[in-house]
Amino acid sequence: MNELLNRLKNSVNTQILNQVENSLLEEYKFVPISVKDNFLFVAINSDSDKDRINVKLKDYFPQQIKFIQVPDNDLTDLIFDLKNNNTEPAPYVPEETSASKEIKVGELLVQKGYITDVQLLQALAESKRQKAPIGSTLFKLGFVTLVQLKEILHMQTGFDLVTPEQLANQHNFINLLPEDFIKTNKILPVSSDGKTLILGVVEPVKPDVLKEVIYLTGQNPKQLMMTHYEFETSINTFFSEQKKETAQIIKNIEEESAEFQAEETLWEQVDNELRDSTGNVAKFVNQIITNGIDSKASDIHIEPRLTGYIVRYRKDGMLQKVLDIPPKVESSIIARFKVLSRMNIAEHRRPQDGTFSIKYKNDSFDFRINTLPVAGKEKVVIRILAPAVSLNAADRKINLQGGTDEDVAKIKNMVSCPNGIILTSGPTGSGKTTTLYSVLKSLNDEHVNITTIEDPIEIKLEGINQSQINPKAGITFASCMRAILRQDPDIILVGEIRDYETLEIAISAALTGHLVLSTVHTNSAAATVTRLIEMGAKDYLVSSTLTGVIAQRLVRKLCVHCKEEYSASHDEARQIIANEQQINDFTNKTIYRSKGCSKCNFTGYTGRLGVYEIMPITKEIKKLIAIGAHDLEIEETAVNNGMLTLNQSCINHILKGETTIEEFLRVLGIVNE
Ligand SMILES: [Zn+2]
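Take the sequence shown: its letter number 58 is residue 57 in numbering that gives the first Met the number 0, and every next letter is one higher.
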């Protein structure tokens, strides 16, 4: 019995089918199935030409097309049956095969209202093509959650389910059964008290397998259900090649350390190990770095724990644990990082900074590394500086990731003045440099001379002069800027204003007709103004040279495939809004929260979005600065002139369904008045 074909026949909406000439189906190899949510679902196979079908169907249907790719034979059979008007579905005969059980999972999910008919059809086609279980396929397509799948699994089998706690601790028990036995029988030891062995299974196992478990372990087996997805994830976690490789390297390092221990001091031992750049420690450290690059991490944290160290990668602003380093090998690994970056390996009590570069996959990567003594050990943070990105100089538009047209217009207005200072502010990693470059790009033409002073050069742009500072060689922001001003450029970008010396030169450059762009570490646009004065600048000079400040942050962008609609509770809204009336308005609106699916690695988010607070320095604000007003007063005036605060623009992103309250709180904190 072919359940997919049967379901396809059942789902074909004859009204829609009749709109297309019958002969086309055979010629182009497709069958229009139905219209749902303003999509036209069309079955095709591997021979079909999607582009031609798209063009052809435009004549008949206004909807956007979603293709369901089905196995080749099924489409041929379907077209044949439709042609011979043989649309009667075959009678449903329940069979005791695993296939019929899998269909039941799908049907139960439809009955429960968790998925639609079309989704089941899509998943059935996909699972048949990929030869994957229907449950896993539905989950990977993002149509159901693991919780829904487990509920159905429980309904279907009557067995209890493996708990999340058991899954989290299964590494303690995984070795109770041999790897090949686990893989062949699809059973996973998840917990044991020494007498009863809890097994996670994807379907109830046969009694003779259970007998074998008793024989192998001497314990009484008890079965709990788990999803195929959970099973596969566990197998990949515990038996993957990479895991084995890492374990082997750690074992080698441990064995070598044991050999040395007898006759050598730790210092000699570490020193020996490090001389050999092809050794196991070097290999391991390289792996930590290159895995970080591959997973697009922005930095790597190597942090001491009670025993050993852990390695965490920061991706999209969030830290994720990736690895444990056992205590026996920690000192050699920390020392290897220090050697790589030419730090003093004997120094453990003082923080150190360093840099190193590696060539990887035809690109050169630079790293900033620093160590910090914590609780008798050293914490290491490595910042990965991606190879400088080249910007297309021909594209002169200001692109603000997540910014509105209004935001862009405000910035354009700011830069229309040929002299003055424009600052972006925010913490490290808030996208300040990207914004400055977008502005710079819009000003870049052959009639202006643009020079930059950076540390490091993160973005490359054709047609501008970019210089890199080098404090060790005496080339600082300030000294470099003095040299550049002698060449009289029109526009200068200074990577960061960190000290009064640089600020003073920036102000005098602006006073003498240059446009200066730079960044400052401050929390808000208004606080930037007062920060400049705290650094030592005269208030009347700040007032006359500053033309605008852009404060910004990055929040994670909700995954469009799995975001979940809801309305915020009063308590939730109060965390991000101060005004009671506005809280009530907010709770009446539909917003979204993160859920997680295969498309977003189960994080609920993909990519990031800028949150901007753009403050043009108007005459009114200039007056306030000149009389030394408080930053709150400046902010209030700017808001009255139409400035959106960081909080307000983040709320706008939430209302547009682009990010969440969770992200607001992570990046901007709780609002209180
Ligand atoms: Zn998702």
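Note that the Cβ used here is the ideal one computed from N, Cα and C, for glycine as well.
Everything numeric in this text was worked out from a predicted model, so none of it was measured.
Contact between Ile383 and Ser340 does not hold, since their C-beta atoms are separated by about 13 Å, which reaches or exceeds 8 Å.
In the three-state reduction of the DSSP assignment, Thr521 falls in the coil class, being assigned neither a helical nor a strand state. For the region 604–656, the continuous alpha helix (DSSP H) assignments of 4+ residues that do not extend past its boundaries occur at 618–625, 630–639 and 645–654, in sequence order. Nearest in C-alpha terms to Leu667, of all of Gln465, Glu453, Gln647 and Lys655, is Gln647. Secondary structure in the region 391–428: the alpha helix (DSSP H) runs of 4 residues or longer, each lying completely within the stretch, are 404–414 in chain order.
Ile613 and Ser389 have their alpha carbons spaced roughly 26 Å apart.
Using a Cβ distance threshold of 8 Å, Cys416 and Thr546 count as a contacting pair.
With a minimum length of 4 residues, the unbroken runs of alpha helix (DSSP H) contained wholly in the region 128–207 fall at 133–139, 145–156, 163–168 and 178–184. For Lys598, the shortest separation between its Cβ and any heavy atom of ligand 1 lies below 7 Å. Fewer than three beta-carbon pairs drawn from the region 460–477 and the region 538–555 are found closer than 8 Å, and the two stretches are therefore not classed as touching.
Taken through DSSP and simplified to helix, strand or coil, Asn219 comes out as strand.
When the beta-carbon positions are compared, Gln218 and Lys194 come within less than 8 Å of each other.
Looking at the backbone, the Cα of Ile181 and that of Leu187 are separated by about 6 Å. Relative to the non-hydrogen atoms of ligand 1, the Cβ of Gly603 comes within a distance shorter than 7 Å of at least one.
Membership of Ala509 in the alpha helix (DSSP H) is indicated by the continuous run Tyr499 to Leu510. Counting C-beta atoms within 10 angstroms of its own C-beta, Ser45 has fewer than 16 neighbours from the protein chains shown and is therefore classed as exposed.
Taking C-beta separations shorter than 6 Å and ignoring five residues to either side along the sequence, the partners of Thr216 in its chain run Leu175 and Leu196, following chain order.
In this structure Thr226 is in contact with Leu145, their Cβ atoms being roughly 6 Å apart against a cut-off of 8 Å. For a cut-off of 8 Å, the C-beta gap from Phe79 to Ile43 is around 16 Å, too long to register as a contact. Here DSSP, grouped into helix, strand and coil, assigns Asn369 to strand. Taking C-beta separations shorter than 6 Å and ignoring five residues to either side along the sequence, the partners of Pro372 in its chain run Arg348, following chain order.
Counting C-beta pairs with one atom in each stretch, the region 513–522 and the region 419–427 have three or more that are closer than 8 Å, which means they touch.
With respect to Val280, Ser331 sits close: the two C-beta atoms are nearer than 8 Å.
Assignment of Ile213 by DSSP, reduced to helix, strand and coil, places it in the helix class.
At a cut-off of 7 Å, the beta-carbon of His170 does not count as near ligand 1: no heavy atom of the ligand is closer than that. Asp116 and Gln581 have their C-alpha atoms roughly 41 Å apart.
Note on geometry: alpha-carbon atoms of Glu564 and Asn651 lie some 16 Å from one another.
If you check the CB distance, Lys409 and Pro163 do not come in under 8 Å. Per DSSP, reduced to three states, the secondary structure at Asp570 is helical. Between Pro325 and Arg311, the alpha-carbon positions lie close to 15 Å from each other.
In the same chain as Asn37, and ignoring 5 residues on each side of it, the C-beta atoms closer than 6 Å to its own belong to Gln62, in chain order. Residue range Asp71 to Lys82 is occupied by the alpha helix (DSSP H) that includes Leu77. Rounded to whole angstroms, Arg555 and Thr602 show a C-alpha spacing of 10 Å. Phe476 and Val610 have their C-alpha atoms some 28 Å from each other. Lys655 and Asn251 have their alpha carbons spaced roughly 53 Å apart.
For the 8 Å CB-CB criterion, Ala124 and Leu137 do not form a contact.
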